[in-house]
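Q: Below are the structure tokens for one structure; questions will follow.
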RNA sequence: GCCCGGGUAGCCGAAUUGGUCCAGGCAGCGCGCUUAAAACGCGUGACCCCACGGGGUGUGCGGGUUCGAAUCCCGUCCCGGGCACCA
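Numbering (the numbering used here), first residue to last: -4 to 808.
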């Protein structure tokens, strides 16, 4: 303890030992009267060792957890690992090492480093999604969804990643490429497992209003769900005597529909016309990659089908086409085309010489087409002259009365494709039986354990298919020979419910106890990267709602409040191995200590923003922490222990209370860790500045000691080891057991304030005056200012604006 | 193309409600301590002009509203993110 200089590693090890020995951060599920607070970082994917993003997310989360504890909350702050997934499996393919081995080695390293960082985790609830004790319940939950019709198997055109050799969810395809592999995704017709997330589209949309999330994430979810209101309108085709409903958001433009288009995948295209030309067009469209087909600047191609459809509003026969700009997955796979008021239809019509008929005028006489704005209707029979917004509802109503249409809503959101043809994932607990069809594995036979295999290489089917002993089972329903489902689940399934498991992590009778879950959920503060704005956050919300409907839990939203941290960059660029600009948390902690590494990352800028890493910057924080340590040691050696500050308040005491106030609002309300830390730096700077004069009197010394202890208390959420050390040194108590300090309002006010005098809005003078001075007196002072007089130049003061406590602005003419 | 953010000192950033622009850190410069260096401490720290008292200009750019604008409005440029043939 008699160290001469700040030695972070020694201090940090000492406190980490205390916390581990005493299981300080474990929390019981017993209600003790305190309000609960569930603080959670998005669970890490264990691969290699933790990177700077992990350091940041836990620095933010831990600061919040500590703050909550010290402001009277019973805090749940657990951690686990998202352990299934492709990188471990790809590593296995390369090296032959079992994914379990590489994953668990990585988990051990993550755990070691998280402990090195001194993160206040309840380790008694630690879990890995690859452990049978966890995925047993993933399977159990899957079966509940299956029973309730929310998990189903369907033959569909799906996204196939040719590099990973597996299907991908819609959400995992970015710009037509696989999210991980970057390979162009192909469309394949395959039978796959889906979750019926589309049933929840409206609730997922509406309930966004009930949660406190960053606006951009809410917007991204809204756009992803993509709710469009409009109408379903039926077009009749005489050639096949078939009705073809189409979805439109613009029923008001129905009179301008001059042709009709079907997607190449539409089952009736070849029935309408099986000429070689049409067949060839369809074949080509189906084999093209999503990217080629999706490119917006792509020319609008298509082939006439030689048939017509009847426009229900006017009985017109309009030509039918097949064109790949119409998608089978959205709406009904067929559209009415209104070239005058839709850009895509306009382009197609221009290219194929189809009539373009304007049915909405522009109010300002703009005659350019296509026109997507509003205005009065023309060439629309009895709706002529009406404003198109009014006509909208009337046309839909009229269609309804004629049985030719109805109001309709469509979503961009697709069902969640969850099956993967890969090894390292949670097995789907289903047996395929020739007699019984799909038979769920009974609950008491769970988990369906992932078998060990020799060859992890994907071959267009799951590697599990080769494990014949495992695959061949008796049907759980009829006992006849049957086969297990060999696909595994998307890892996003594992991570869509882990936050519930933490609440009751060691329950071996159920995934959780409903009452225990109700006592912790929802997560009060969720922290993670914005890259999960859609996938993980949407899936987790869907699971929560689905389980609530099934009666397994009582909340509608899993994450009441979300904080998305910005990316730490270096030299303005994202850190990446290929750029060679990666900062390793391990090296930082070894060199400067965890407290400095954590504090610096919270100090570079607001944690929600990015922040550019500066190697010298962390040295500055390290210097500050050392200065605080020395100030504390100095106070301990040169002042007497006391119950608190005595004597007339000095600048240092006021500064201490100012810092308490500042850190409390910055951390508690704004997550502004950077300005909170700056406030503690200011406090310590003030202490060093006045050290000698303060130590000259017993009263001053007591204030110096109080300021040092306060600095330790305030820095604790960011630098927990040093905070504990300083506080114990000066008070003999444990800072985490102490309530969060409260600022004395009387000490936040100062006797004198500086008033700024402006002339026509420009600062010309400053006065120090007594606080609480009357407005009239202030104005008088301003008018009497010499500097104002010097600058008047014969002009006259015509008006004075007094902002109490701040400034006086004199207006001169 | 559409929808969000953002642009303040050499760099990261502060300014929370329209009221003193630039807190805090980094880099730089000067000084102290030291035989010396490191460490530490103190000071300085936008630009232009200056008679050394001070004066003028400054928040991407151009306008506007206001007694007063980094903050609000209009236009424009640049950077970052999301969506993108969704009818």
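Backbone N, C-alpha and C fix where the C-beta goes; we use that ideal spot for every residue, glycine too. Computed from a predicted structure; not experimentally measured.
Does the structure place the region 267 to 279 close enough to the region 174 to 192 that three or more beta carbon pairs sit under 8 Å?
A: Flag = no, the region 174 to 192 and the region 267 to 279 do not touch.
Q: What does DSSP give as the partner residue(s) for residue 428 in the beta ladder?
A: One-based indexing of the first chain puts residue 428 at position 433. Answer by DSSP bridge pairing, in chain order: 432.
Q: Ends of the alpha helix (DSSP H) at residue 718?
A: Translated into the one-based positions of the first chain, residue 718 becomes position 723. For residue 718, the enclosing alpha helix (DSSP H) covers residues 715 to 726.
Q: What three-state label does DSSP hand residue 790 in the structure shown?
A: The residue given as residue 790 occupies position 795 in the first chain. If DSSP states are grouped into helix, strand and coil, residue 790 belongs with coil.
Q: Select from 407, 620, 372, 460 the residue whose C-alpha is nearest the C-alpha of residue 390.
A: Residue numbering aside, residue 390 sits at position 395 when the first chain is read from its first letter. Here the closest residue by C-alpha is 372.
Q: Mind checking residue 809: buried by the 16 CB within 10 Å criterion, or exposed?
A: Residue 809 lies beyond the range of the chain shown here (-4 to 808); nothing can be said about it.
Q: Looking at the secondary structure, which residues open and close the alpha helix (DSSP H) in which residue 253 lies?
A: Taking the first residue of the first chain as position 1, residue 253 is located at position 258. Segment: none, residue 253 is in no alpha helix (DSSP H) and carries neither H nor E.
Q: Between the C-alpha atoms of residue 328 and residue 294, what's the straight-line distance to the nearest angstrom?
A: On the first chain, residue 328 is found 333 positions in, with the first residue counted as 1. On the first chain, residue 294 is found 299 positions in, with the first residue counted as 1. So the alpha carbons of these two residues sit roughly 20 Å apart.
Q: Residues in the same chain with beta-carbon distance under 6 Å from residue 735, minus the five sequence neighbours each way, listed in chain order, please.
A: Walking along the first chain from the start, residue 735 turns up at place 740. Cβ neighbours of residue 735 beyond the five flanking positions: 65, 66.
Q: Would you call the region 85 to 97 in contact with the region 539 to 553, where contact means no fewer than 3 C-beta pairs closer than 8 Å?
A: No contact exists between the region 85 to 97 and the region 539 to 553.
Q: So residue 424 packs on residue 443, CB below 8 Å; how close in whole Å?
A: The count along the first chain starts at 1 and reaches residue 424 at position 429. The count along the first chain starts at 1 and reaches residue 443 at position 448. About 5 Å separates the two Cβ atoms, so the contact holds.
Q: What runs of the beta strand (DSSP E), each 3 residues or longer, lie entirely inside the region 276 to 335?
A: 298 to 305, 312 to 317, 329 to 332
Q: Nearest-angstrom Cα distance between residue 334 and residue 456?
A: Here residue 334 is taken as the residue at index 339 of the first chain, counted from 1. Here residue 456 is taken as the residue at index 461 of the first chain, counted from 1. Computed Cα separation, rounded: 45 Å.
Q: Roughly how many angstroms lie between the CA atoms of residue 618 and residue 583, to the nearest whole one?
A: The sequence position of residue 618 within the first chain is 623, counting from 1. The sequence position of residue 583 within the first chain is 588, counting from 1. Approximately 14 Å, taken between the alpha carbons.
Q: Can you grab the Cα-Cα spacing for the pair residue 464 / residue 261, in whole Å?
A: Taking the first chain and counting its residues from 1, the one referred to as residue 464 is at position 469. Taking the first chain and counting its residues from 1, the one referred to as residue 261 is at position 266. Near 41 Å, if we compare the C-alpha coordinates of residue 261 and residue 464.
Q: Can residue 433 and residue 148 be called in contact, C-beta distance under 8 Å?
A: Here residue 433 refers to the residue found at position 438 of the first chain. Here residue 148 refers to the residue found at position 153 of the first chain. For residue 433 and residue 148, yes; Cβs fall inside 8 Å.
Q: Going by alpha carbons, who is nearest to residue 753 out of 743, 773, 745?
A: Here residue 753 refers to the residue found at position 758 when the first chain is read from its first residue. It is 773 whose Cα lies nearest to the Cα of residue 753.
Q: Put residue 223 into one of helix, strand or coil per three-state DSSP.
A: Here residue 223 corresponds to residue number 228 of the first chain, with the count starting at 1. In the structure shown, residue 223 sits in a strand (DSSP, three-state: E or B).
Q: With a floor of 3 residues, list each beta strand (DSSP E) that falls wholly inside the region 490 to 575, ordered by position along the chain.
A: 520 to 524, 557 to 560, 563 to 565
Q: Counting beta carbon pairs with one atom in the region 622 to 632 and one in the region 682 to 690, are three or more of them shorter than 8 Å?
A: Contact between the region 682 to 690 and the region 622 to 632 is present, because at least three Cβ pairs lie under 8 Å.
Q: Do you know offhand how far residue 196's Cα is from residue 142's?
A: As a first step, residue 196 is located in the first chain; it is residue number 201 there, counting from the start. As a first step, residue 142 is located in the first chain; it is residue number 147 there, counting from the start. In a straight line, the C-alpha of residue 196 is about 20 Å away from that of residue 142.
Q: For residue 716, which residues of its own chain have a beta-carbon under 6 Å away from its beta-carbon, when the five flanking residues on both sides are left out?
A: Counted from its first residue, the first chain places residue 716 at position 721. The answer, listed in chain order, is 6, 7, 10, 113, 590.
Q: To the nearest angstrom, how far is the alpha carbon of residue 788 from that of residue 782?
A: Translated into the one-based positions of the first chain, residue 788 becomes position 793. Translated into the one-based positions of the first chain, residue 782 becomes position 787. Computed Cα separation, rounded: 11 Å.
Q: In angstroms with no decimal places, state the Cα-to-Cα distance between residue 14 and residue 71.
A: In the first chain, the residue the question calls residue 14 occupies position 19. In the first chain, the residue the question calls residue 71 occupies position 76. Looking at the backbone, the Cα of residue 14 and that of residue 71 are separated by about 16 Å.
Q: Considering just the uninterrupted stretch of the alpha helix (DSSP H) at residue 89, what are its terminal residues?
A: Here residue 89 corresponds to residue number 94 of the first chain, with the count starting at 1. Run containing residue 89: 81 to 90, per the alpha helix (DSSP H) assignment.
Q: Bridge partners for residue 382 per DSSP, in chain order?
A: Reading the first chain from its first residue, position 387 is the one you call residue 382. Beta-bridge partners assigned by DSSP to residue 382: 371.
Q: On the DSSP bridge list, what partners appear for residue 414?
A: The residue you call residue 414 lines up with position 419 of the first chain. 484, per the DSSP bridge assignment.
Q: Determine whether the beta carbon atoms of residue 79 and residue 421 lie at a separation below 8 Å.
A: Along the first chain, one-based indexing puts residue 79 at 84. Along the first chain, one-based indexing puts residue 421 at 426. In this structure, residue 421 lies closer than 8 Å to residue 79 by Cβ.
Q: Counting pairs of beta carbons, one from the region 558 to 565 and one from the region 501 to 518, are three or more of them closer than 8 Å?
A: These segments do not touch.
Q: Under the three-state reduction of DSSP, which class applies to residue 757: helix, strand or coil?
A: Your numbering for residue 757 matches position 762 in the first chain. Strand.
Q: Would you check if the region 47 to 61 and the region 703 to 722 touch, i.e. whether three or more CB-CB distances between them fall below 8 Å?
A: Yes, the region 703 to 722 touches the region 47 to 61.
Q: So, for residue 303: in the same chain, excluding its five sequence neighbours on each side, which residues have a beta-carbon less than 7 Å away from its beta-carbon?
A: For the purposes of this step, residue 303 is taken as the residue at position 308 of the first chain. For residue 303, where only same-chain residues beyond five positions count, the Cβ hits under 7 Å are 312, 313, 314, 315.
Q: Roughly how many angstroms lie between the CA atoms of residue 352 and residue 407, to the nearest whole one?
A: Position 357 of the first chain, counted from the first residue, corresponds to residue 352. Position 412 of the first chain, counted from the first residue, corresponds to residue 407. If I take the Cα positions, the gap works out to 29 Å.
Q: Nearest-angstrom Cα distance between residue 324 and residue 193?
A: Your numbering for residue 324 matches position 329 in the first chain. Your numbering for residue 193 matches position 198 in the first chain. Answer to the nearest angstrom: the Cα atoms are 13 Å apart.
Q: Touching or not, the region 649 to 663 and the region 611 to 625, by the rule of three or more beta carbon pairs under 8 Å?
A: no
Q: Under a Cβ-count criterion, where at least 16 other Cβ atoms within 10 Å of its own Cβ denotes burial, should residue 160 be classed as buried or exposed?
A: Within the first chain, the letter at position 165 stands for residue 160. Per the 10 Å Cβ criterion, buried.
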